[in-house]
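Peer 1:
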Amino acid sequence: MYTWLVRMLLLDVQIYLEVVHVLSNAIDATCPVVNVNVSTSNCNQWVNGEIVEADNTKKKFYNDKIQNCKNKQKEIWSIVRAYTGKICVKENIELDLDGVTVTDSREIVNTFVTYFATITEKIWFPNLVVTDHLSAPCLE
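Taking mature numbering (1 follows the signal peptide of the UniProt record, and there is no 0), I'd label the letters of the sequence shown as residues -24 to -1, 1 to 116.
(1) Whole angstroms is fine: what's the gap from THR60's alpha carbon to ASP31's?
(2) CB-CB under 8 Å to VAL78, same chain, minus the five flanking residues each way: which ones, in chain order?
(3) Quick check on the DSSP output: what are the complete alpha helix (DSSP H) runs of length 4 or more inside the segment 21 to 56, in order along the chain?
(4) Enumerated in chain order, which unbroken segments of the beta strand (DSSP E) with a length of 3 residues or greater are wholly contained in the segment 73 to 98?
(5) For LEU(-2), which residues does DSSP report across the bridge?
(6) Quick check: the Cα distance between ALA93 and LYS62, rounded to an integer number of angstroms?
(7) What separation, rounded to the nearest whole angstrom, lies between the Cα atoms of GLU29 and VAL(-6)?
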C-alpha cells in the first residue's frame, strides 16, 4: 500500500522518535530538575546605596543613548555591545587536518559539520548502512 518513499519517511520518523526518547531518558537520569530555595537575606551584603545608584545611573545613561538613536540599528547594536562588554574580535583560528594547517574559516566549519553529522550516526546506529541517498536505509 505504501510507496518506498512513505516507508522511508516512516522509518526516519521512528528513528528520530527513538533517539529523542533515549536522549530525554538519559538527560532525566543524569540531570534531574531540582527546585532550590535560596535565602536572599544574606546575599549581596556588599551592595549598598551608592552601588545601586551608580547602576541605575548607568542604565539611564544607556537607555537615553538608545532613545536618541532614532531606530538606527547599527548605532543601537554598538551601544548594546558597549553596555554588555561583548565586543566582537575576530581571531585567526588554525586547525591541523591530517598534518595540514587550515586557516580558512569555511573549511574549518565544514570539517566540524561533517564530523558531528557522521559521529551521531556512528554512535546511535552503528549497524545502519546507507547505500544511496535516494533509497531507504538498510540495517545489516
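Glycine included, every Cβ here is placed at the ideal spot set by N, Cα and C.
Peer 2: The structure says:
(1) The residue labelled residue 60 in the question sits at position 84 within the sequence shown. The residue labelled residue 31 in the question sits at position 55 within the sequence shown. Answer to the nearest angstrom: the Cα atoms are 13 Å apart.
(2) Start at 1 with the first residue of the sequence shown, and residue 78 comes out as number 102. GLU70, LEU71, ASP72, ILE84 and THR87, listed in sequence order.
(3) 25 to 43
(4) 76 to 78
(5) In the sequence shown, residue -2 corresponds to position 23, counting from 1. DSSP output for LEU(-2) lists no bridge partner at all.
(6) Position 117 of the sequence shown, counting from 1, holds the residue named residue 93. Position 86 of the sequence shown, counting from 1, holds the residue named residue 62. Approximately 30 Å, taken between the alpha carbons.
(7) In the sequence shown, the residue the question calls residue 29 occupies position 53. In the sequence shown, the residue the question calls residue -6 occupies position 19. C-alpha separation (whole angstroms): 51 Å.
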